[in-house]
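Inspection log for the structure reproduced underneath, given as structure tokens.
Residue numbers (the numbering used here), protein chains in the order written: chain A, 1 to 336; chain B, 1001 to 1489.
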């Protein structure tokens, strides 16, 4: 911290009112960015658990839970905590285990803590819904994740997330906080889509050759990303590896494709810089540009055919770097 | 059944058929000047609803308060539990004439206390001429030598004051204590009214109830009035200990009502004796801090060095007049329970007036005669430690066991200067929805006064109700609830 840092703020008293309106304490920026990330994470987890459970009962049994653990890169932790590694264990791990940072319970608790800190900023309706939603999740026990109830529960969780999204759209004042919320949400979504892709891809690569199973895997993947019907419209004749991966990575209109999510973050960053006195935007914009190049350059795109895992790994790193750059530029008390 | 009920229509008798305030003054049914029409309307409407419907609506309110997070946090053992302040649906009604006395009396008190604080932190006339024992002030733990010689805008030390009032069996108001540090509870006044309007839209129609929803505007205006000179549009923040504080909801409510940021100590930084807020776009200067953190924790440079809640350097900025603090530091010396006994003298001293709201007769146990009297009458008195708040550590003689009295006697003899005693008042009651239907429960009242360049008293206030039958303890930490308070226009 230097005294020179004070020059960054709108210190001119005559422009007082506008400066106040455009102000956001850094801690609130951080909290709302993470609120967006955690709610998106909860929704993605609920989708994945729902789809996996439904399809795991088809013909592949519990095997699919391995892929779920791989999606989140926590198969090692999972096996340590639940040596039997049954389907029921996996559900408990992802739904109820508050010590697992990739569980719905963990994400909900973190979202709730952020929401409490954000109470002075967010709308009363938003707060009340999150308050009640949190109590619902806190109240869940083993009975609620029995196979016969799981789909309904996942439906309720998704519905909770959608009510939240609707309240954001309808009631959240669109100043800086709104921008940071959206950035958090789309970065998380992009990240979740890369993980989903990566895990399915690895599972396929290690599974014995089985053309029909392939189709089930890709269907599962598309459904977990809520993209099955959209994909059928875009690609009515084939459901191939290239087509599905291309769709989830690059489709310009699919709300969960990585390109769509990343470009949304980019335009938010640009508008944020234009609307508010954000003098520290260069690092986030650079990080965004690097990610955008990876999603545009045909050289990278060709990696899909041969080294999808490496490519997804690169995207994940760049998404992480962008998130870190946003945090450092706007929320970090030591640099702010 | 009370005699006053005879004037009420038959309907009221059906819900209040067995309601009997006994020897106590009833806030709803006691006959007095003005407001008869309104009381009859309220009574008729309650009667039409019936007890079962009242219960249904009570559950609805409690549910909505819980969902909205209008809660305080109780820490017991290792657990933190969010609890609502139990809310009773039947409003406490103050007539216009009653309110006029409270309003004038509270404003008078605040004016005198601010003059007193200015004096004790400057020339100390009131101590030098012996009107108040100097050691009572100068040796008081809440006297802050850092404030000596510091000039405050408009001489305002207590920007927000909550004055606790009680009413005796004849309906006379008495001041029980002044709260001039960081008085809390006003958010419940605002939220109780909201809740009332949600579930009881039909109860308030055609009754001219004065609104309470401009509290935030008035607070913001007062805080702007004490901002350092030169701030065209003063930047106000509310400094809270954060989400784990039991009063966090109140801080949220007030920040919202004021349109000010709720910040924590870590959000603020002092540079060259100025205070800045860390924002996403860098540092922004702050002019006024409405702080809900006690003096002790406010600045680790000056007060408790282990405090993580405060802002290092804020006292230096404050003393230089670069930032305003509300309430000011060191106001605790004016609302101390021992100093309280002298407030009527303080009012006479500075304003040359009699107190509009009298004190409860108080025995200051540091004085030998008062101690002797207190020890002789422990079974009849309420004895309170002077430094505590929240109803902790006090003895209620008439309801205490012999063992409790004996134990208390020992503490009192050991440290008499730490105690005052007062007669047990026959606290007024108000009809309250209980498991046995509508029954009388004891209430008190905390109006709130805001002072910038002048004093404004919110037309309403926090009516706390002791929900346990016969109980006189209204504190939320000890089983108290609250009621909406209607000041009639």
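Note that beta-carbon positions come from the ideal geometry of N, C-alpha and C, so glycine has one too.
For residue i: DSSP bridge partner residues
i                       : result
residue 1448 of chain B : B/1162
residue 1504 of chain B : With chain B covering only 1001 through 1489, there is no way to say anything about residue 1504 of chain B.
residue 1324 of chain B : B/1288
residue 1026 of chain B : B/1429
residue 1359 of chain B : B/1175
residue 1439 of chain B : B/1432
residue 47 of chain A   : Bridge partners of residue 47 of chain A: none, in fact.
residue 1088 of chain B : B/1483
residue 262 of chain A  : Per DSSP, none; premise fails for residue 262 of chain A.
residue 1167 of chain B : B/1173
residue 1395 of chain B : B/1383
residue 1093 of chain B : B/1486
N-terminal and C-terminal residue of the beta strand (DSSP E) that residue i is part of
i                       : result
residue 1270 of chain B : 1268-1271
residue 1483 of chain B : 1480-1487
residue 1178 of chain B : 1173-1179
residue 329 of chain A  : Here residue 329 of chain A belongs to no beta strand (DSSP E), and DSSP marks it neither H nor E.
residue 1383 of chain B : 1381-1385
residue 1419 of chain B : 1419-1423
Delimiting residues of the alpha helix (DSSP H) encompassing residue i
i                       : result
residue 158 of chain A  : 147-171
residue 291 of chain A  : 282-296
residue 1366 of chain B : Here residue 1366 of chain B belongs to no alpha helix (DSSP H), and DSSP marks it neither H nor E.
residue 1347 of chain B : 1343-1351
residue 1462 of chain B : Residue 1462 of chain B -> not in any alpha helix (DSSP H); beta strand (DSSP E) instead, spanning 1462-1466.
residue 1017 of chain B : Where residue 1017 of chain B is concerned, there is no enclosing alpha helix (DSSP H), given that its DSSP letter is neither H nor E.
residue 1101 of chain B : 1096-1120
residue 137 of chain A  : 124-138
residue 1455 of chain B : Per DSSP, residue 1455 of chain B belongs to no alpha helix (DSSP H); it is in the beta strand (DSSP E), 1455-1457.
residue 1188 of chain B : 1186-1199
residue 94 of chain A   : 87-95
residue 1507 of chain B : Lying before the first or after the last residue shown, residue 1507 of chain B is absent from chain B, which here runs from 1001 to 1489.
residue 104 of chain A  : 104-118
residue 1205 of chain B : Note, residue 1205 of chain B: premise wrong, no alpha helix (DSSP H); not H, not E.
residue 1041 of chain B : 1036-1067
residue 1339 of chain B : 1337-1340
Within-9 angstroms CB hit, residue i to chain B
i                      : result
residue 279 of chain A : yes
residue 132 of chain A : yes
residue 187 of chain A : no
residue 218 of chain A : no
residue 29 of chain A  : yes
residue 330 of chain A : yes
residue 318 of chain A : no
residue 284 of chain A : no
residue 37 of chain A  : no
residue 324 of chain A : no
residue 58 of chain A  : At residue 58 of chain A the pLDDT is 49, less than 50, meaning the model places this residue with poor confidence and gives no usable figure here.
residue 117 of chain A : yes
Cutoff 9 angstroms: residue i Cβ touching any chain A Cβ
i                       : result
residue 1290 of chain B : no
residue 1487 of chain B : no
residue 1265 of chain B : no
residue 1492 of chain B : Since the displayed chain B opens at 1001 and closes at 1489, residue 1492 of chain B lies outside it and no answer follows.
residue 1002 of chain B : Bear in mind that a pLDDT of 41 at residue 1002 of chain B, under 50, signals an unreliable position, so the model cannot answer this.
residue 1067 of chain B : yes
residue 1284 of chain B : yes
residue 1193 of chain B : no
residue 1262 of chain B : yes
residue 1216 of chain B : no
residue 1010 of chain B : Note on residue 1010 of chain B: pLDDT 48, under 50, position unreliable in the model; no value is reported.
Whole-angstrom C-beta distance between residue j and residue i, which should lie under 8 angstroms
i                       : j                       : result
residue 1341 of chain B : residue 1359 of chain B : 7 angstroms
residue 1218 of chain B : residue 1456 of chain B : 5 angstroms
residue 1430 of chain B : residue 1090 of chain B : 7 angstroms
residue 1274 of chain B : residue 1317 of chain B : 6 angstroms
residue 232 of chain A  : residue 193 of chain A  : With 8 angstroms as the limit, residue 232 of chain A and residue 193 of chain A do not qualify as a contact, their Cβ atoms being about 18 angstroms apart.
residue 1434 of chain B : residue 1157 of chain B : No, residue 1434 of chain B and residue 1157 of chain B are not in contact; Cβ-Cβ is about 41 angstroms, not under 8 angstroms.
residue 126 of chain A  : residue 42 of chain A   : That belief does not hold up - the Cβ atoms of residue 126 of chain A and residue 42 of chain A are roughly 15 angstroms apart, past 8 angstroms.
residue 1265 of chain B : residue 1223 of chain B : With 8 angstroms as the limit, residue 1265 of chain B and residue 1223 of chain B do not qualify as a contact, their Cβ atoms being about 19 angstroms apart.
residue 1334 of chain B : residue 1364 of chain B : At roughly 16 angstroms, the Cβ-Cβ gap does not stay under 8 angstroms, so residue 1334 of chain B and residue 1364 of chain B are not in contact.
Would you list, in sequence order, the uninterrupted beta strand (DSSP E) runs of no fewer than 3 residues that lie entirely inside the region 1211-1283 of chain B? Listed in chain order, the complete beta strand (DSSP E) runs (minimum 3 residues) inside the region 1211-1283 of chain B are 1236-1239, 1261-1263, 1268-1271, 1274-1279.
Where are the alpha helix (DSSP H) runs, 4 residues long or more, that stay fully inside the region 1130-1160 of chain B, in chain order? For the region 1130-1160 of chain B, whole alpha helix (DSSP H) runs of length 4 or above, ordered along the chain, are 1134-1138.
At 4 residues or longer, and completely inside the region 208-255 of chain A: list those alpha helix (DSSP H) runs for me, N to C. Correct list: 211-224, 228-234, 241-250.
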